[in-house]
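*Asks:* Residue numbers (our numbering): 1 to 265.
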Ligand code: DGL
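1) Determine the DSSP secondary structure at residue 71, reduced to helix, strand or coil.
2) What are the complete alpha helix (DSSP H) segments, minimum 4 residues, inside the region 199 to 241?
3) Grab the span of the beta strand (DSSP E) containing residue 4 for me, first residue to last.
4) Using 10 angstroms around the beta-carbon of residue 76, count the other beta-carbons present and answer buried if the total reaches 16, otherwise exposed.
5) Suppose you measure from the CA of residue 161 to the CA of residue 176; what does that come to, to the nearest Å?
6) Can you tell me where the beta strand (DSSP E) with residue 110 in it begins and where it stops?
7) With C-beta atoms as the reference, is residue 98 less than 9 Å away from residue 20?
8) Hey, which unbroken runs of the alpha helix (DSSP H) at 4 residues or more fall wholly within the region 86 to 173?
9) Taking residue 241 as the reference, give the member of 261, 227, 116 and 110 with the closest Cα.
10) Answer with buried or exposed for residue 16, where buried requires no fewer than 16 other C-beta atoms within 10 angstroms of its C-beta.
11) Where residue 6 and residue 239 are concerned, what is the direct C-alpha to C-alpha distance, given to the nearest angstrom?
12) Measuring only from the beta carbon, is residue 126 closer than 8 Å to any heavy atom that is part of the ligand DGL?
13) Just checking my contact of residue 96 with residue 220 at CB under 8 Å: how many whole Å lie between their CB atoms?
14) Identify which residue in 51, 48, 63 and 45 has its Cα closest to the Cα of residue 237.
15) Run the proximity test for residue 266: is its beta-carbon closer than 8 Å to any non-hydrogen atom belonging to the ligand DGL?
16) Nearest by alpha-carbon distance to residue 94: which of 29, 68, 105 and 39 is it?
17) Would residue 214 and residue 59 qualify as a contact pair, given that the criterion is a beta-carbon distance under 9 Å?
18) Counting pairs of beta carbons, one from the region 216 to 236 and one from the region 141 to 156, are three or more of them closer than 8 Å?
19) Quick check: does the Cβ of residue 71 come within less than 8 Å of any heavy atom belonging to the ligand DGL?
20) Can you grab the Cα-Cα spacing for the pair residue 266 / residue 182, in whole Å?
21) I'd like the span of the alpha helix (DSSP H) that includes residue 249, first residue to last.
22) Taking contact to mean at least 3 C-beta pairs separated by less than 8 Å, is the region 81 to 92 in contact with the region 153 to 173?
23) Does any heavy atom of the ligand DGL sit closer than 8 Å to the C-beta of residue 46?
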């Protein structure tokens, strides 16, 4: 297979990365995509960095066995814990990670107060602290860990009253503190945009980094002459828990059905 026709491996701890996968498919429709949901180990947000690094090594190895020409960590928590380790292991393999959109939010805020919704793991990381140091000196950043949201979204719940109460408990203090810009710093949360839109005033901006990740992937592949001109193969899905659970939520979160294979390591 010509290398540019090789697939791109995209991973998340579960279904969150599907929000990024959709942006990649929109921008790069000729690319073949592989998706691993590490659902047997979700949530990553409450796991140790060491644990997550071990998981990511397995997943990267799997993508390489599948001949992937690049890998996307469609997960903020996995990126802060493991992207440096993977870059060291595979210096010549294009790897794209993601981080909360602090830079664009600091540029966009008019009130000077920005809220970040993310996992505990992301917010506690040195990488996130460095991001604040670099881009958020002139604004006030209020961070809000959101335990429990990922589990609801994994179960395909985007609308329940229980979810609404949980989310509102996280968002209200940020609004009360004067945030006019909310960063969705976990790839699961873009699925909550409709519910969030009902909860926040229309002039509060809600920012995520899915589209920016797709553009970064396009740049990396373009620079190496690895962009595919197609045709793309059907997207292939793997899950490290019961494949039926991911199959059940795919029509809701991916807008199309798909068959899921078991990912064992
Ligand atoms: N979707 C992941 C992120 O972007 C983490 C969710 C989890 O806690 O597993 O941070």
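Glycine is no exception: its CB is placed at the ideal position from the N, C-alpha and C atoms.
*Replies:* With the structure as the only source:
1) strand
2) 210 to 223
3) Note, residue 4: premise wrong, no beta strand (DSSP E); not H, not E.
4) buried
5) 22 Å
6) Run containing residue 110: none; DSSP gives neither H nor E here.
7) yes
8) Runs of the alpha helix (DSSP H) spanning 4 or more residues and lying entirely within the region 86 to 173 occur at 102 to 108, 120 to 123, 126 to 135 and 149 to 154, in chain order.
9) 261
10) Residue 16 counts as buried, since no fewer than 16 other beta carbons sit within 10 angstroms of its beta carbon.
11) If you take the alpha carbons of residue 6 and residue 239, they lie about 21 Å apart.
12) no
13) 6 Å
14) 63
15) Summary: the structure shown does not reach residue 266, with the chain confined to residues 1 through 265, and so no result is reported for it.
16) 68
17) At least 9 Å separates the beta-carbon of residue 214 from that of residue 59.
18) When C-beta atoms of the region 216 to 236 are compared with those of the region 141 to 156, fewer than three pairs fall below 8 Å, so the two segments do not count as touching.
19) no
20) Any answer about residue 266 is impossible in this case: the structure gives the chain only from 1 up to 265.
21) 243 to 253
22) no
23) Yes - the ligand DGL has a heavy atom lying nearer than 8 Å to the Cβ of residue 46.
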